[in-house]
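Trainee: Each residue of the sequence shown is one higher than the one before, starting from 841 at the first, in our numbering.
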Amino acid sequence: MTDIATPGTDPDRPGPATPQPGPDRPGFAGPGTSPAGTGPTAWDQAGPTVPEQAGDPGSAGAQQTGPAGTEPIVPDQARPASPEQARPTSPDQARPTSPDQARPTSPDQAAPGAPPTHHESSAVAPGGSAVAPSPVGLPVRSGTGAPAELFFEDLTPGRTFDLGVVLVDGDEMVAFARRFDPQWYHVDPEQAAASHHGGLIASGFYTVSLFMRAYVDHVLARAAADASPGLEELRWLAPVRAGDRLTVRLDVAGSRPSAARPGLGTVSLTGTMFRLGPDDQPDREVLRTRFRGWFTLRPT
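#1: If you check the beta carbons only, do Val1008 and Asp1084 fall under 8 Å apart?
#2: Going by DSSP, what residue range makes up the alpha helix (DSSP H) through Leu1050?
#3: Does the separation of the CB atoms of Arg1132 and Thr1106 fall below 8 Å?
#4: Measuring only the C-alpha atoms, how far is Thr1136 from Thr1129?
#5: Since Val1006 sits in a beta bridge, which residues does DSSP pair it with?
#6: Determine, using beta carbons only, whether Phe1016 and Arg1138 come nearer to each other than 8 Å.
#7: How many angstroms separate the CA atom of Thr1047 from the CA atom of Val1088?
#8: Hey, Leu1060 and Gly983: beta-carbon distance below 8 Å or not?
#9: Can you round the beta-carbon distance between Leu1127 and Tyr1055 to whole angstroms, since I take them to be within the 8 Å contact cut?
#10: For the alpha helix (DSSP H) holding Pro1029, just list the boundary residues, first then last.
#11: Excluding the 5 residues flanking Ala1124 on each side, which residues of the same chain have their C-beta closer than 7 Å to its C-beta?
#12: Could you work out which residue in Gly985, Arg1062, Val980 is closest to Phe1001 when comparing CA atoms only?
#13: Using three-state DSSP, classify Phe1001 as helix, strand or coil.
#14: By alpha-carbon positions, which one of Arg1053, Val1005, Ile1041 ends up nearest to Asp1011?
#15: Where does Asp1120 land, buried or exposed, given buried means 16+ other C-beta within 10 angstroms?
#16: Please confirm whether Phe1005 and Leu1086 have their CB atoms less than 8 Å apart.
#17: Comparing alpha-carbon positions, which option in Ser1108, Gln1031, Pro1122 lies nearest Gly998?
#18: For Gly989, does the three-state DSSP call read helix, strand or coil?
#19: Bridge partners of Asp1123, per DSSP?
#20: Taking Arg981 as part of the beta strand (DSSP E), name the residues at either end of that continuous run.
#21: Could you give the C-beta distance for Ser1095 and Leu995, rounded to a whole number, given that I count them as a contact under 8 Å?
#22: Taking Cβ to Cβ, would you say His1158 is nearer than 8 Å to Ser1049?
#23: Compare the Cα-Cα distances from Trp1134 to each of Gly1117, Thr1112, Val1092, Arg1075 and report the closest residue.
#24: Measure the alpha-carbon distance for Ser1098 versus Met1052 and round it to whole angstroms.
#25: Give me, in chain order, the residues of the same chain whose beta-carbon lies closer than 6 Å to that of Ala1082; leave out the 5 immediate sequence neighbours on both sides.
#26: Count the other CB atoms within 10 Å of the CB of Ala988; is the residue buried (16 or more) or exposed (fewer)?
#27: How would you call Pro952, buried or exposed, if buried means at least 16 neighbouring beta carbons within 10 angstroms?
#28: Would you mind working out which of Gly1039, Ala1065, Asp1028 sits nearest Val980, comparing C-alpha positions?
#29: Pull up the distance between the alpha-carbon of His1036 and that of Pro1118, whole angstroms please.
#30: Between Ser899 and the rest of its own chain, which residues show a CB-CB distance below 6 Å, the 5 nearest in sequence each way excluded?
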């Protein structure tokens, strides 16, 4: 942190100096006095500064004297400090040694030897954290780190992505439930079979995880994707069971440049999962979700 130098400070003395009353300041009543209604100031008690003290600075026997009734001040001894000067100064609060160091430095006025700075403005995320622009000259990466081929401009409303077919693995389904959602109709085969469920059903969040993996494999692995700001809808419309085959689809519902994050666009997306019947045709919708994603604008 750089402190701004103020008039009346001594650039050779560390720590901020105490401003003094002057003829144009309220409370000034002449040399050696303090504002009305107050006692002697710390400066009055400390005596005159070195240049004003009597004696020949060059003579070995010269002594400097303070106000009447005080002990002589020996040149080699430090003069009593004001309360402000007595405070320890931390490295971050050290005063600059010259007025030029006190001035804020613009990117065009960087100090000699400092690394070059970019003039691209950084976007600020909610909460005040800065988002640095992509390094100049480097390829924009997809959500999985590969060079991106899909950008915000490619995700136009009405576009549909076929995210393939996923097979529900029974062991994985139960292991997920035991770890994250251990409710009896997800983990206890006997109790689930005796209930109206007729057997184990998948945790809804396991089904969402299957959708997310398909979304990553077929879209985010190719797209210049950033984080998602959230979802508006998540529905589990029918039970999912071990052995089910689910077809997954993603539809682009809308898009607009982000006002909060320059360089990114907000895309509204709808994801659906359908269970396939014996004829490989969609039999029943089991999941629907509406959410938003951030995607990088195509570099120009």
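The beta carbon of each residue, even a glycine, is placed where N, CA and C say it ideally should be.
Quick caveat: nothing in here was measured; it's all calculated off a predicted structure.
Mentor: Inspection of the coordinates gives the following:
#1: yes
#2: 1044 to 1055
#3: yes
#4: 22 Å
#5: Leu1086
#6: No, the pair does not count as a contact, with Cβ atoms beyond the cut-off.
#7: 11 Å
#8: In this structure, the beta-carbon distance from Leu1060 to Gly983 falls below 8 Å.
#9: That pair is no contact at about 12 Å.
#10: 1029 to 1033
#11: Here residue 1124 turns out to be Arg, not Ala, going by the sequence shown. Answer for Arg1124: Ala1078, Phe1114, Arg1115, listed in chain order.
#12: Arg1062
#13: strand
#14: Ile1041
#15: exposed
#16: The displayed chain sequence assigns Val, not Phe, to residue 1005. For Val1005 and Leu1086, yes; Cβs fall inside 8 Å.
#17: Per the Cα distances, Ser1108.
#18: It should be noted that the sequence gives Glu, not Gly, for residue 989. Of the three classes helix, strand and coil, the one that applies to Glu989 here is coil, per DSSP.
#19: None, per the DSSP bridge assignment.
#20: Unbroken run through Arg981: none, as it is neither H nor E.
#21: 6 Å
#22: Outside the displayed range of the chain (841 to 1140) lies residue 1158, so it cannot be described from this structure.
#23: Val1092
#24: 23 Å
#25: Around Ala1082: Val1008, Gly1010, Met1013.
#26: Buried, since its Cβ has 16 or more Cβ neighbours within 10 Å.
#27: Residue confidence is low: Pro952 scores 46 on pLDDT, short of 50, so the model does not pin down where it sits. Its coordinate-derived value is still stated next. Exposed is the call here.
#28: For the set Gly1039, Ala1065, Asp1028, the Cα lying nearest the Cα of Val980 is the one of Ala1065.
#29: Cα to Cα, His1036 sits roughly 24 Å from Pro1118.
#30: Confidence is the limiting factor: at Ser899 the pLDDT is only 40, short of 50, which leaves the residue's position unreliable and the question unanswerable from this model.
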